[in-house]
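Each remark here refers to the structure printed beneath this line.
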Amino acid sequence: QSVLTQPPSASGTPGQSVTLTCSGSSSNIGTNFVYWFQQLPGTAPKLLIFKNDQRPSGVPDRFSGSKSGTSASLAISGLRSEDEAHYYCLAWDDRLSEYLFGTGTEVTVL
Amino acid sequence: DVQLLESGGGSAQPGGSLRLSCAASGFFLRRYAMSWVRQAPGKGPEWVAGISGDGGSTDYGGSVKGRFVINRDNSKSTLSLQMNSLRVEDTAVYYCTKGHETSAVPESWGQGTWVIVSS
Numbered sequence: 001q002s003v004l005t006q007p008p009s010a011s012g013t014p015g016q017s018v019t020l021t022c023s024g025s026s027s028n029i030g031t032n033f034v035y036w037f038q039q040l041p042g043t044a045p046k047l048l049i050f051k052n053d054q055r056p057s058g059v060p061d062r063f064s065g066s067k068s069g070t071s072a073s074l075a076i077s078g079l080r081s082e083d084e085a086h087y088y089c090l091a092w093d094d095r096l097s098e099y100l101f102g103t104g105t106e107v108t109v110l
Numbered sequence: 111d112v113q114l115l116e117s118g119g120g121s122a123q124p125g126g127s128l129r130l131s132c133a134a135s136g137f138f139l140r141r142y143a144m145s146w147v148r149q150a151p152g153k154g155p156e157w158v159a160g161i162s163g164d165g166g167s168t169d170y171g172g173s174v175k176g177r178f179v180i181n182r183d184n185s186k187s188t189l190s191l192q193m194n195s196l197r198v199e200d201t202a203v204y205y206c207t208k209g210h211e212t213s214a215v216p217e218s219w220g221q222g223t224w225v226i227v228s229s
């Protein structure tokens, strides 16, 4: 059972911005990097943000990550229909000695 | 291009065993940590196990610790997951993943292989 908590859903209209949150604790987000994944329907997750705020090559700069204390955020600006997906955060947990995925947020473009 | 091809999935009864394999190509395997990640139907992904580039260090998710064993053969460019004492809740698609930089964070993913545990 994940201890990284994400709101189950978020939505916006095309062109709008949406911010997703990931809440953890001192043993995971508080001391380790946060990663974000995008999962389109029927596909494997894709790494979207690494080490809190870095984008792999090919990821649009509409996606940005940040971290503060025991929480992290993923912002999507200029929302597009192709951004409809599930988004998951991930962090190593020092107490459990394992990687934890967040509970996931489903983004809907209205 | 990185390619990860899983095999060995299928059906098993509770208490049974299965062995998953992953054939890796397109990158120098021994330089990267690798992980297995699973995803049950309608659920989010769950990190199952990870192994360092040289195979000397392994970590496991709490739900599989003591039942699953991750291993690698760099000479054959393969990763494996031995799954014992299977439970119904182990039913999921299992992905082989290549680590990001020096970590076991999943960067590249295979297509996945299904494991169904049912009596």
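Protein chains in written order, with our numbering: chain A, 1 to 110; chain B, 111 to 229.
The beta-carbon is built from N, C-alpha and C at its ideal position, and this holds for glycine as well.
With a threshold of 9 Å between beta-carbons, can residue i be considered close to chain B, or not?
i, result
"S25(A)", "no"
"T31(A)", "no"
"E84(A)", "no"
"L20(A)", "no"
"G102(A)", "yes"
"S97(A)", "yes"
"L74(A)", "no"
Between the Cα of residue i and the Cα atoms of the options, which residue gives the shortest distance?
i, options, result
"T5(A)", "T108(A), V109(A), L110(A), L100(A)", "L100(A)"
"P155(B)", "G104(A), K51(A), Y35(A), G69(A)", "G104(A)"
"A304(B)", "G171(B), A150(B), G165(B), Q149(B)", "Any answer about residue 304(B) is impossible in this case: the structure gives chain B only from 111 up to 229."
"N184(B)", "G165(B), G220(B), V198(B), S173(B)", "G165(B)"
"S117(B)", "R148(B), R197(B), C206(B), E217(B)", "C206(B)"
"V112(B)", "P216(B), W224(B), Y204(B)", "P216(B)"
"L47(A)", "L110(A), Q16(A), C89(A)", "C89(A)"
"S68(A)", "A10(A), D53(A), S11(A), T108(A)", "D53(A)"
"F138(B)", "G163(B), R129(B), Q123(B)", "G163(B)"
So, for residue i: in the same chain, excluding its five sequence neighbours on each side, which residues have a beta-carbon less than 8 Å away from its beta-carbon?
i, result
"D94(A)", "S27, N28, T31, N32"
"T188(B)", "S131, C132, A133, A134, R182"
Does any residue of chain A have a CB that is nearer than 9 Å to the CB of residue i?
i, result
"Q113(B)", "no"
"A214(B)", "yes"
"S145(B)", "yes"
"D169(B)", "yes"
"E199(B)", "no"
"Q123(B)", "no"
"W224(B)", "no"
"G118(B)", "no"
Suppose the cutoff is 7 Å on Cβ atoms and the five residues either side in sequence are ignored; what does the same chain contact list for residue i look like?
i, result
"T21(A)", "Q6, P7, S71, S73"
"G125(B)", "S195, L196"
Given residue i, which residues of its chain have a CB within under 6 Å of its CB, disregarding the five upstream and five downstream residues?
i, result
"I161(B)", "M144, T168, I180, R182"
"G119(B)", "T223, W224, V225"
In the DSSP assignment, find the beta strand (DSSP E) that holds residue i and state where it starts and stops.
i, result
"A122(B)", "120-122"
"N181(B)", "178-183"
"Q6(A)", "It is not in any beta strand (DSSP E) - Q6(A) carries neither H nor E in the DSSP assignment."
"E98(A)", "98-101"
"K208(B)", "202-209"
"P216(B)", "216-219"
"G65(A)", "63-68"
Cβ-based contacts, 7 Å cut-off: residues of the stretch 37-70 of chain A near chain B: A44, P45, L47, F50
Along the stretch 154-187 of chain B, where does the CB come closer than 8 Å to a CB of chain A? Name the residues. G154, P155, E156, W157, G160, D169, Y170, G171, G172
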